Amino acid sequence: MRTARTPRTRRAARAGQYTALLGYLLFLAFPLLWLLSTALKSPRELGSPHPTWIPRHPTLASVRQAFAEQPLAPAALNSLLVALATAAVTVLIATPMAYVMARHRTRAARAATGWVVVSQAFPFVLLIIPLFLVLKRLRLIDSLTGLVLVYVVWSLPFALWMLAGHVRAVPAELEEAAAVDGAGRLRTLASVTAPLLAPGIAATALFAFVTAWNEFFFALVLLKSPRRQTLPVVLTHFIGAEGVADLGPLAAAAFLATLPSLVFFALVQRRITSGLLTGAVKN
Amino acid sequence: MRTRITLALAALLLLLTGCSPGAPADGPVTLRFQSLAWQPDSVAATKELVREWNATHPEIKVEYVQGSWDSVHDQLLTSFEGGEAPDVIHDASDDLADFAYGGYLADLSGLLPARLAADIPRGSWETATFGRGVYGVPFLQEPRVLIADADRLRAAKVRIPTAGHPWSWPEFRQVAKKLTGPGRYGVAWPLKDPVSATLNLSLSAGGRLFHRGADGKVTVRFEAGDAVVARTIHDQVTVDRSAPASTLGSGGADTLPGLFGGRYAMVPLGFSYRQQIVRQAPEGFHWQVLPAPAGADGLTQGVSPQTLSVSADCPHKKEAVAFIDFLLRPRNMVRLALGDWMLPTGTQALKDPALHTARHGWATGTALAARLRPAPAQFVRGYPEWKDKVATPAYQQYYSGASTLAGLRHRLERDGNLVLARYQR
């Protein structure tokens, strides 16, 4: 009796799991799908009292309008440059610092960790004016380099915290074993520790990239020239007084703005997965 | 591999450094003009005017910078503090007080050409006058009107109000009741920002709320005139049920689908919403623009016009004012008004036939222009805090039926005066 029912029960359970998974994926993807649906609707359909899930008469008019009215492509390029540079510089600085903080449990390292936590509590409205003045003195106002500098400083505390956790997760015994085998300090770091840290580094890069890609206020305040504005700043140009929005073009632009983050995530995610296994076995 | 990554990073950083601004070049004066135009026609009209200026004034180059209504205050505040503000600033008059008193904006009173000074009525100038200085040129304004489903009005056989013979507030309440039926409401009040809407409309009934004493200090006093509009909205929502409670937290645009779908017969909205209605209304939907109801003071209502100001740090103030003067010549002001679907403040521009056509309700709006007054709160220091901390929750609770008129009065006066007192020590 039991053996006859087991396959059917398994199939039902599997179907249930897939249904639940599909439902969860739909739930997660809903904002993106709704953006896409809105972007493809005509103004009349957007004003319809009976909203539709799928546009009745899909049109690219909003996409065309968005590109015609605002410099979306140059803004996206600016955002991409800034986000990639932020991710790269953050990782370059955070990795050795996190290693030191995690491996050397001195009083200074503990104080540094505490400071990292405290620095997360500063509201950025408090920081923006002093930061503005410092960047002005450095002649970095209205410069993407200045913006990258701000984003690196902004991302660094959390990146450090994240990476220090990953460093702690790498057993110190592996490094000791490498030393016993005759590997020098740098060789140990490069061949043993770095591959094991790869998922953490990838996750940190992703965090820094997404933070810089989405950030609005610093970019708004620090960049003055239209040709240097980043995508989040340009997106607000579709919003008028009292929060009235040109919904179709806004949705089209916002949908397109999410794509680079998704692509970057897809690229980095593979690294996170493969990095979990790389270097785990000593050759 | 490592070399490739290093090279890529170096290239990226070089590229970024290359994007940095160089040293300012010698040559013509350059003015940065931050515009908040956002509707396609409005952006096009503004950019076209900047192009025309640049073509005819090679010695004064204007650079168009796109700003955003959503974030303009914080952005300007930071730019002022950092000494990097745009030279010519587009904003709204109710946002100017703190900047003017803070010394961030140039006093234009001695710089304005006589033509421009005479063209804009005194009431409009008052919206940008703080103390003895004039800190902005008001150029576009927007009355609140009723956008109505014309077929529903005709079917209900109600009297159609005009600027010459508007509805009184009690009549409006009766009409809304008459237009109400199962699942359908006579009116929807989108009151995401209940304070400015209420205060501006209350001027029609003589409501002032803010009273300046002999010592120059402002206090809040909620009188009979202040209660007319507030009580009408409250009663429509909670007594007559001719207005839904669900829209009280909505923005104006959120109510449009309900208007198009017949759920609401009328929606009080800003005049510029007509552009969205033209674009979004379904085929066969007939709508019309009606003046807001009138009280003891007729059709009077408060507005905060859009303004053009000059930064106090701008080294070329005369040139900046010359550009503003060009932008606001009557013909150009009409172009800006048509682009934003608003009313120009200039008396010459207001005479333009394009603004008197019945199409899309232009004539109804234009007829209201003479009755527009400075928004009551705009000179009151501490108003933003009073509005956010005291008035918004107090009005929201009253409109939803959670408090009484006496409770509203008590909170606005007692809590409000405590807030204002802090700013007037």
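Heads up: the sequence lines are chains P and Y, in that order.
Okay, so the first sequence: first residue is 1 according to the working numbering, each after it adds one.
Okay, so the second sequence: first residue is 1 according to the working numbering, each after it adds one.
C-beta: ideal position from N, C-alpha, C; glycine also.
Predicted model only: the values in this text are computed from it and were never measured.
What are the boundary residues of the alpha helix (DSSP H) that includes residue i?
i, result
"Met162 (chain P)", "144-169"
"Asp74 (chain Y)", "72-81"
"Lys192 (chain Y)", "Premise fails: Lys192 (chain Y) is in no alpha helix (DSSP H) and is neither H nor E."
"Ile93 (chain P)", "72-103"
"Phe33 (chain Y)", "That residue, Phe33 (chain Y), is in no alpha helix (DSSP H); its beta strand (DSSP E) goes 29-35."
"His356 (chain Y)", "Looking at the DSSP string, His356 (chain Y) is not in any alpha helix (DSSP H), and its letter there is neither H nor E."
"Leu231 (chain P)", "231-235"
"Thr46 (chain Y)", "40-56"
Terminal residues of the continuous beta strand (DSSP E) containing residue i?
i, result
"Ile89 (chain Y)", "88-92"
"Gly302 (chain Y)", "301-303"
"Lys61 (chain Y)", "60-66"
"Val145 (chain Y)", "144-149"
"Val310 (chain Y)", "306-310"
"Phe210 (chain Y)", "210-212"
"Thr404 (chain Y)", "No beta strand (DSSP E) contains Thr404 (chain Y), which DSSP labels as neither H nor E."
Quick one: grab the DSSP three-state call for residue i.
i, result
"Leu13 (chain Y)", "Low confidence applies to Leu13 (chain Y): its pLDDT is 43, below 50, so where it sits in the model is not reliable, and the reading given next is rough at best. Of the three classes helix, strand and coil, the one that applies to Leu13 (chain Y) here is helix, per DSSP."
"Trp287 (chain Y)", "strand"
"Val334 (chain Y)", "helix"
"Gly225 (chain Y)", "helix"
"Arg329 (chain Y)", "coil"
"Ser380 (chain Y)", "The question names Ser, yet the displayed sequence has Val at residue 380 (chain Y). Note: Val380 (chain Y) maps to coil in three-state DSSP."
"Arg2 (chain Y)", "For Arg2 (chain Y), the predicted model reports a pLDDT of 44, less than 50, meaning its position is unreliable; a value from the coordinates is still stated below. Looking at Arg2 (chain Y) - three-state DSSP - the assignment turns out to be helix."
"Tyr264 (chain Y)", "strand"
"Val158 (chain Y)", "coil"
"Gly339 (chain Y)", "helix"
"Asp254 (chain Y)", "helix"
"Gly164 (chain Y)", "coil"
"Gly22 (chain Y)", "Low confidence applies to Gly22 (chain Y): its pLDDT is 38, below 50, so where it sits in the model is not reliable, and the reading given next is rough at best. Coil, per DSSP."
"Ile141 (chain P)", "coil"
"Gln141 (chain Y)", "strand"
"Gly181 (chain Y)", "strand"
"Phe130 (chain Y)", "strand"
"His57 (chain P)", "coil"
"Leu361 (chain Y)", "Per the sequence presented here, residue 361 (chain Y) reads as Gly, with Leu not at that position. Here Gly361 (chain Y) sits in helix by DSSP."
"His316 (chain Y)", "coil"
"Ala375 (chain Y)", "coil"
"Leu277 (chain P)", "Its pLDDT being 48, under 50, Leu277 (chain P) is placed unreliably in this model, and the value from its coordinates should be taken loosely. Leu277 (chain P) falls in the helix class under three-state DSSP."
"Ala245 (chain P)", "strand"
"Leu418 (chain Y)", "helix"
"Leu127 (chain P)", "helix"
"Ile120 (chain Y)", "coil"
"Thr345 (chain Y)", "coil"
Can you tell which of the options has its C-alpha closest to the C-alpha of residue i?
i, options, result
"Glu223 (chain Y)", "Y:Leu405, Y:Ser35, Y:Pro40", "Y:Leu405"
"Gln34 (chain Y)", "Y:Trp53, Y:His57, Y:Leu76", "Y:Leu76"
"Leu96 (chain Y)", "Y:Pro282, Y:Val134, Y:Glu142", "Y:Val134"
"Arg110 (chain P)", "P:Met97, P:Leu144, P:Pro51", "P:Met97"
"Ala37 (chain Y)", "Y:Thr78, Y:Gln396, Y:Thr30, Y:Glu48", "Y:Glu48"
"Phe80 (chain Y)", "Y:Asp297, Y:Ser311, Y:Arg132", "Y:Ser311"
"Ala203 (chain P)", "P:Tyr151, P:Arg228, P:Phe265", "P:Phe265"
"Ile147 (chain Y)", "Y:Thr162, Y:Gly67, Y:Arg51, Y:Tyr398", "Y:Thr162"
"Leu328 (chain Y)", "Y:Pro244, Y:Cys314, Y:Gly346, Y:Ala100", "Y:Gly346"
"Ala44 (chain Y)", "Y:Gly365, Y:Asn332, Y:Tyr185, Y:Leu343", "Y:Asn332"
"Ala150 (chain Y)", "Y:Ala265, Y:Leu343, Y:Ala92", "Y:Ala265"
"Ile324 (chain Y)", "Y:Phe139, Y:Gly103, Y:His73", "Y:Phe139"
"Ala205 (chain Y)", "Y:Gly295, Y:Val62, Y:Ser304", "Y:Gly295"
"Phe30 (chain P)", "P:Leu77, P:Ile54, P:Arg8", "P:Ile54"
"Gln348 (chain Y)", "Y:His360, Y:Val334, Y:Gly298", "Y:Val334"
> Which residues, in chain order, does the segment 250-272 of chain Y contribute to contact with chain P at a C-beta distance below 9 angstroms?
Replying inline: Gly251, Gly252, Ala253, Leu256, Pro257, Gly258, Leu259, Phe260, Gly261, Gly262, Arg263, Gly270, Ser272
> What residues in the segment 184-200 of chain Y bring their beta carbon closer than 8 angstroms to a beta carbon of chain P?
Replying inline: Lys192, Asp193
>> By the 8 angstroms beta-carbon criterion, what residues does the segment 68-98 of chain Y contribute toward chain P?
In response: Ser68, Trp69, Asp70, Ser71, Asp74, Gln75, Thr78, Ser79, Glu81, Gly82, Gly83, Glu84, Pro86, Ala92
>> Residues of the segment 132-158 of chain P in Cβ contact with chain Y at a cutoff of 8 angstroms, in chain order, please.
In response: Phe132, Leu133, Lys136, Arg139, Leu140, Ile141, Asp142, Ser143, Leu144, Thr145, Gly146, Val148
>> Give me the subset of the segment 33-62 of chain Y whose CB atoms are less than 7 angstroms from a CB atom of chain P, sorted by chain position.
In response: Trp38, Gln39, Pro40, Val43
>> Counting only Cβ-Cβ distances shorter than 8 angstroms, please list the residues of the segment 34-49 of chain P near chain Y, keeping chain order.
In response: Pro43, Arg44, Leu46, Gly47, Ser48, Pro49
>> If the cut-off is 7 angstroms on Cβ atoms, which residues from the segment 277-302 of chain Y count as contacting chain P, listed in chain order?
In response: Those residues of the segment 277-302 of chain Y placed with their C-beta closer than 7 angstroms to a C-beta in chain P are Arg279, Gln280, Ala281, Pro282, ordered along the chain.
> Residue ranges of each alpha helix (DSSP H) run of no fewer than 4 residues wholly in the segment 12-57 of chain P, ordered along the chain?
Replying inline: 43-46
> Quick one, which residues of the segment 50-66 of chain P are near chain Y if we go by CB-CB under 9 angstroms, in chain order?
Replying inline: His50, Pro51, Gln65
> When Cβ atoms are compared, which residues of the segment 181-206 of chain P fall closer than 7 angstroms to chain Y?
Replying inline: none
>> By the 7 angstroms beta-carbon criterion, what residues does the segment 75-106 of chain P contribute toward chain Y?
In response: Leu81, Leu84, Ala85, Ala88
>> Please list, in chain order, the residues of the segment 129-147 of chain Y that have any C-beta partner in chain P closer than 8 angstroms.
In response: none
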